[in-house]
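K.L.:
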Amino acid sequence: MPGEKQNKSGEKNLSSFICGCCAALLSIILFWFIFGSVHGSPKRQEAEILVFGDSVLGEVRDGTGVPAQLEALLGEKVYNAALGGTCAARGVQDRQLDYTRGAFSLVSLIKAVEADDFGVQQSAAVREINTEYFAEVIDGLETINLSGIDTFVIQQGINDYQQGIPIENPEDPYDEYTYLGALRTVVESLRKTAPGARIIFVTPLFTWYVAERTTCETEDFGGGPLEDYVNAEIALARELDLEVIDLYHDFFPHEEWEDWRLYSKDGMHPNEAGREKMALEIAEYLKE
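In my numbering, the protein residues as written are 3 to 290.
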């Protein structure tokens, strides 16, 4: 009968409409869980002190690491965002699509923090040795409310020096492909993100190149000896009205060649005694 056919057709159309609405609603719910929960949910405050740096602070991540010792000495939660092998500045090779470590430079991390978008870091595949913890660090940064951080500790410079990153561009003080330009950019961003927080520079350590039997006093990788970077960082701290802890001058003894064995395990990375000495020095400064 014609009437029965029309009723069946109407029921079929209504059923299709309901199914379509359900599918659309399900898509919206899934989208919110995938994207909204990451970028729209409140941040969880997990730290009072946040440490940025390279392998000097990032390589050892157990209780003997400098950030972990700081936490014990100060009784405050310290988040270790130091990533081994990274620079403060972007490198020239960062412009190459196949170079991924540049996504983890300090200035790149701060840009991600400012945008609340770590997609580049999360998609970057770094397959070099001792980078397994990178993903965990990025996941943690994504959940921390940086506006609630009391103190930022920034220890960068040895890799900028070893990669021959220029110290400064006289024509552009915020050139992110220079050491000081990157640090200026980072400080400006952190001051916007966490007004009133302490920002403290920690200089690179005196470094021995054991295999070559030379030191950072004579090695020049294109941007000058390491002390030039250290002195430039100290001058920048004065310029920006920041605090600085100088661990280069008169910290680790280096009058004799064999002094490298006292506090370092390879001439560059601190051994357990060196990490303890660093933690005590930084903690005493922070207490003041």
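Cβ coordinates follow ideal geometry from the N, Cα and C atoms, glycine included.
This one's a predicted model, so the numbers in the text were calculated from it and none came from an experiment.
Closer than 7 Å by C-beta to N273: which residues in its own chain qualify, once you throw out the five before and the five after it? Chain order, please.
P.N.:
Y265, S266, K267, listed in sequence order.
K.L.:
Three-state secondary structure (DSSP) at I202?
P.N.:
Of the three classes helix, strand and coil, the one that applies to I202 here is strand, per DSSP.
K.L.:
For the alpha helix (DSSP H) that T145 lies in, which residues bound it at each end?
P.N.:
Run containing T145: 136-145, per the alpha helix (DSSP H) assignment.
K.L.:
Using the beta-carbon count (16 or more within 10 Å), is M280 buried or exposed?
P.N.:
Flag for M280 reads buried.
K.L.:
One question on the structure: do I146 and A49 come within less than 8 Å of each other, judged by their Cβ atoms?
P.N.:
For I146 and A49, yes; Cβs fall inside 8 Å.
K.L.:
Going by C-alpha distance, which of G93, V155, T88 is nearest T133?
P.N.:
The residue with the shortest Cα to Cα distance from T133 is T88.
K.L.:
From this set, E260, E245, D252, which residue's C-alpha is nearest Y211's C-alpha?
P.N.:
For Y211, the nearest C-alpha among the options comes from E260.
K.L.:
Following the continuous alpha helix (DSSP H) through I112, name the residue where it begins and the one where it ends.
P.N.:
Segment 108-117, the alpha helix (DSSP H) holding I112.
K.L.:
Report the CB separation of I140 from Q124 in whole angstroms; it is logged as a contact under 8 Å.
P.N.:
Between Q124 and I140 the Cβ distance is about 6 Å, and since that is below 8 Å, they are a contact.
K.L.:
Taking a contact to mean a Cβ-Cβ separation below 8 Å, would you say A83 touches F54 in this structure?
P.N.:
Yes. Within cutoff.
K.L.:
Buried or exposed: R215, going by 16 or more other Cβ atoms within 10 Å of its Cβ?
P.N.:
So R215 ends up on the exposed side.
K.L.:
With DSSP as the reference, label P272 as helix, strand or coil.
P.N.:
If DSSP states are grouped into helix, strand and coil, P272 belongs with the strands.
K.L.:
For N171, which three-state DSSP category applies?
P.N.:
Here N171 sits in coil by DSSP.
K.L.:
Grab the span of the alpha helix (DSSP H) containing T88 for me, first residue to last.
P.N.:
Per DSSP, T88 belongs to no alpha helix (DSSP H) and is neither H nor E.
K.L.:
Between F208 and A239, is the Cβ-Cβ spacing less than 8 Å?
P.N.:
Result no, Cβ atoms of F208 and A239 do not sit closer than 8 Å.
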